[in-house]
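Everything below concerns the one structure shown next.
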Amino acid sequence: AQHFLARIRAQQDLAAFLTIDEDATLAQARAQDDALAAGNAGPLAGVPIAHKDVFVTQDFATTAASRMLAGYRSPFDATIVANLAQAGCVTLGKLSCDEFAMGGDNESAAIAAVGLDAPQPVRNPWDRARVPGGSSGGSAAAVAAGLAPGATASDTGGSIRQPAALCGITGIKPTYGRASRYGMIAYASSLDQAGVMARSAEDCALLLSHLCGPDIERDSTSVDMPAEDFSRQLTGSIDGLRIGVPREFFGDGLAGDVRAAIEGALKEYEKLGAKLVDISLPRTDLAVPVYYIISPAEASSNLARFDGVRYGHRAAQYADLLDMYKKSRSEAFGEEVKRRIMIGTYVLSEGYYDAYYLQAQRLRRMIADDFQQAFTQCDVIAGPVSPSVAWSIGAKTDPLATYLADIYTLPASLAGLPAMSVPAGFGSAGLPVGLQLIANHFGEARLLNAAHRLQ
Ligand code: GLN
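Encoded structure:
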């Protein structure tokens, strides 16, 4: 823990950490030393990790990188935080992200990172002038720069896979319902999933085995399935594995350097004994509009709880109750969060609900059905994570441009499927490219094994 705390302090310019507290970390580490001495240590005793700042923690403030929650201290730990602590993990601190996990470049973080006086986007350790991706940019940058051997993150529409890809590390989002959402600050509840990032599939398997598990009393969408030991299932054999390659993932929007790296990885799989199968996910181009209706709709409802009464920021001066809501929310939410609340309330409003929200729900089902069709022909699906390598900070000024870059990660999210990003070589300017692997529900072990084989 001391080693990583020193690295975190030495690389504050990355803006990866929003909170550290050396005393809290070392107290947790000492408790693990005691457990080891007493012979009752967990399997991950003393492994230092860091948590995305959307998972509430008792020992550290939790802000979701929003002014709304500046300094907020939870009275309890999120289930996934508690699960990992139970296994022996020690918390190094809390990681930056886009405000309320809404974004794909970490530029909307509104809380100043450790050692900096103003909010700043997290920097990509491969090139500090570029974004690390988002929304879990802090998690990806911290792991890539060796500030933590592993980190938690959340993925609603790609927030684990895309930053993992742009920072050249491994990240996995499990099947919707496998990881508890209790204590995870909600963005879009029907899509939100917790997962992990690490240097390798092997490390991801270790962490994910302990992060997942049923929590049916506290999360109504938690799946009642026993935790699985993913590490045990890393046999390394992919003989005869059928890898589906969706045509629609290789269209005009895909940058040539990324395409070349992905095709290289697919060839490698063929050499290792897998079989490539041409498949179609015909509604891929609908994933962006469908997601950007459903997720803001859910966000507008979830974020209604931030009213200045129960949690978070309250305006200093106001005329009456309504004015207090209005001023508190206007002052504390950032631009992107406000944009999504407005889109969400619009698509849910009378007269528009049928035309937008209901229609999006129907298409979501069709997108999920397309995957089921595809999985009759293949065991896993492979393609790019991001249409390009990491872009320069400030380069995407139109929010739509960032939304469009989510095209390859959104389909699996809408279908609730497990998906991951595995390093697949390098594109232009020596920047990392991530290969996306998607499996059918509860196929995490198969995904991790396929990723492990490539490493
Ligand atoms: N980039 C997507 C969005 O902005 C995904 C975010 C996420 O997965 N949390 O909503």
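Numbering (full-length UniProt numbering), first residue to last: 31 to 485. From the three backbone atoms N, C-alpha and C, an ideal C-beta is built for every residue, glycine too. Note that this is a predicted model, so its numbers are computed, not measured.
Between the region 142-152 and the region 246-255, can you find at least three pairs of beta-carbon atoms closer than 8 Å?
By the Cβ rule, the region 246-255 does not count as touching the region 142-152, because fewer than three pairs are nearer than 8 Å.
Distance between glycine 460 and glutamine 263 (C-alpha atoms, nearest Å):
As a position in the sequence shown, residue 263 is number 233, starting the count at 1. As a position in the sequence shown, residue 460 is number 430, starting the count at 1. Roughly 33 Å between the two C-alpha positions.
Work out the CA separation of isoleucine 110 and tyrosine 299 for me, nearest whole Å.
One-based indexing of the sequence shown puts residue 299 at position 269. One-based indexing of the sequence shown puts residue 110 at position 80. Answer to the nearest angstrom: the Cα atoms are 33 Å apart.
Please determine, among Ser422, Leu477, Gln41, Thr432, the residue with the shortest C-alpha to C-alpha distance to leucine 177.
Within the sequence shown, residue 177 is the residue found at index 147, counting from 1. Looking at the Cα atoms, Gln41 is the closest of the given residues.
Is it the case that the CB of aspartate 436 approaches a heavy atom of ligand 1 more closely than 7 Å?
If you number the sequence shown from 1, residue 436 lands on position 406. Checking the Cβ of aspartate 436 against ligand 1 gives yes.
Looking at the secondary structure, which residues open and close the alpha helix (DSSP H) in which threonine 186 lies?
Here residue 186 corresponds to residue number 156 of the sequence shown, with the count starting at 1. Where threonine 186 is concerned, there is no enclosing alpha helix (DSSP H), given that its DSSP letter is neither H nor E.
Is aspartate 185 close to ligand 1? I mean its beta-carbon at under 7 Å from any heavy atom of the ligand.
Here residue 185 is taken as the residue at index 155 of the sequence shown, counted from 1. Of the heavy atoms belonging to ligand 1, at least one sits nearer than 7 Å to the Cβ of aspartate 185.
Exposure of tyrosine 321, with buried meaning 16 or more beta-carbon neighbours within 10 Å:
As a first step, residue 321 must be located in the sequence shown, where it is residue number 291. A residue is called buried once 16 or more other Cβ atoms fall within 10 Å of its Cβ, and tyrosine 321 is buried on that count.
Rounded to the nearest angstrom, how far is the Cβ of glycine 303 from that of cysteine 408, given a contact under 8 Å?
By 1-based counting over the sequence shown, the position of residue 303 is 273. By 1-based counting over the sequence shown, the position of residue 408 is 378. Between glycine 303 and cysteine 408 a beta carbon distance of about 15 Å is seen, past the 8 Å cut, so the two are scored as non-contacting.
Same chain only: Cβ atoms within 6 Å of proline 326, ignoring 5 sequence neighbours per side:
As a working mapping, residue 326 is identified with position 296 in the sequence shown. For proline 326, where only same-chain residues beyond five positions count, the Cβ hits under 6 Å are Arg370, Ile373, Gly374.
Comparing C-alpha positions only, which one of Cys234, Ile437, Pro417, Leu447 sits nearest to leucine 196?
Locating residue 196 in the sequence shown gives position 166, counting from the first residue. Taking only the C-alpha atoms, the option nearest leucine 196 is Pro417.
Going residue by residue through the region 398-454, where are the continuous beta strand (DSSP E) segments of at least 3 residues, counting only ones entirely within it?
Within the region 398-454, the complete beta strand (DSSP E) segments at least 3 residues long are 410-414, listed from N- to C-terminus.
What's the gap between the Cα of alanine 183 and the Cα of asparagine 470?
Your numbering for residue 183 matches position 153 in the sequence shown. Your numbering for residue 470 matches position 440 in the sequence shown. Here the alpha carbons of asparagine 470 and alanine 183 stand approximately 21 Å from one another.
Please state if the CB of asparagine 136 and the CB of proline 105 are separated by a distance shorter than 8 Å.
For the purposes of this step, residue 105 is taken as the residue at position 75 of the sequence shown. For the purposes of this step, residue 136 is taken as the residue at position 106 of the sequence shown. Cβ distance not < 8 Å, so proline 105 and asparagine 136 don't count as in contact.
Could you name each continuous beta strand (DSSP E) segment of 3 residues or more that falls completely within the region 45-119, going from the start of the chain to the end?
The region 45-119 is shown to contain whole beta strand (DSSP E) runs of 3 or more residues at 47-49, 78-82, in chain order.
I'd like the list of long-range same chain contacts for serine 358, defined as Cβ closer than 6 Å, with 5 residues on each side in sequence excluded.
Taking the sequence shown and counting its residues from 1, the one referred to as residue 358 is at position 328. Gly338, His343, Arg344, Ala345, listed in sequence order.
With a threshold of 7 Å (Cβ to nearest heavy atom), would alanine 304 be considered close to ligand 1?
Reading the sequence shown from its first residue, position 274 is the one you call residue 304. It does not: the Cβ of alanine 304 is nowhere closer than 7 Å to a heavy atom of ligand 1.
For the putative contact between glycine 455 and alanine 295, defined by C-beta atoms under 8 Å, what is the C-beta separation to the nearest angstrom?
Counting from one through the sequence shown, the residue named residue 455 turns up at place 425. Counting from one through the sequence shown, the residue named residue 295 turns up at place 265. The pair is a contact, with the Cβ atoms about 7 Å apart (cut-off 8 Å).
Arginine 392 in three-state terms, based on DSSP:
The residue you call residue 392 lines up with position 362 of the sequence shown. Helix at arginine 392.
Going by beta-carbon coordinates alone, are asparagine 113 and glycine 243 separated by less than 8 Å?
As a first step, residue 113 must be located in the sequence shown, where it is residue number 83. As a first step, residue 243 must be located in the sequence shown, where it is residue number 213. Taking 8 Å as the Cβ cut-off, asparagine 113 and glycine 243 qualify as a contacting pair.
Along the chain, where does the beta strand (DSSP E) containing valine 463 start, and where does it finish?
Along the sequence shown, read from residue 1 onward, the residue named residue 463 stands at position 433. Element bounds for valine 463: 462-469.
Does the beta-carbon of methionine 132, which I'm using as the reference point, lie nearer than 7 Å to any heavy atom of ligand 1?
In the sequence shown, the residue the question calls residue 132 occupies position 102. Short note on methionine 132: C-beta closer than 7 Å to some heavy atom of ligand 1.
Does at least one heavy atom of ligand 1 sit under 7 Å from the Cβ of glycine 168?
Stepping through the sequence shown from its first residue, residue 168 is reached at position 138. Within 7 Å of the C-beta of glycine 168 there is not a single heavy atom belonging to ligand 1.
So, is leucine 333 buried or exposed, given that buried needs 16 or more other C-beta atoms within 10 angstroms?
Translated into positions along the sequence shown, residue 333 becomes position 303. So leucine 333 counts as buried.
Using the rule of at least 16 other Cβ atoms within 10 Å of the residue's Cβ for burial, across every protein chain shown, is glycine 270 buried or exposed?
Within the sequence shown, numbered from 1, the residue matching residue 270 stands at position 240. That one is exposed.
Keeping to the same chain, check which residues put their C-beta closer than 6 Å to that of serine 443; ignore five residues upstream and five downstream.
Walking along the sequence shown from the start, residue 443 turns up at place 413. Scanning its chain for C-beta atoms nearer than 6 Å, with the 5 sequence neighbours on each side dropped, one finds around serine 443 the residues Gly187, Leu221, in chain order.
Does the beta-carbon of glycine 118 have 16 or more other beta-carbons within 10 angstroms, so that it is buried, or is it exposed?
Here residue 118 is taken as the residue at index 88 of the sequence shown, counted from 1. Counting the other Cβ atoms within 10 Å of the Cβ of glycine 118 gives 16 or more, which makes it buried.
Is the beta carbon of serine 189 sitting closer than 8 Å to the one on glycine 168?
Mapped onto the sequence shown, residue 189 falls at position 159. Mapped onto the sequence shown, residue 168 falls at position 138. By the CB criterion at 8 Å, serine 189 and glycine 168 fall outside the cutoff.
Can you confirm whether the region 347-356 touches the region 92-108 when touching is taken to mean that 3 or more C-beta pairs between the two stretches lie within less than 8 Å?
Pairwise C-beta distances place the region 92-108 out of contact with the region 347-356, as fewer than three of them are shorter than 8 Å.
What are the boundary residues of the alpha helix (DSSP H) that alanine 228 is part of?
One-based indexing of the sequence shown puts residue 228 at position 198. If you look at alanine 228, you'll find it isn't in any alpha helix (DSSP H); it sits in the beta strand (DSSP E) that goes 223-228.
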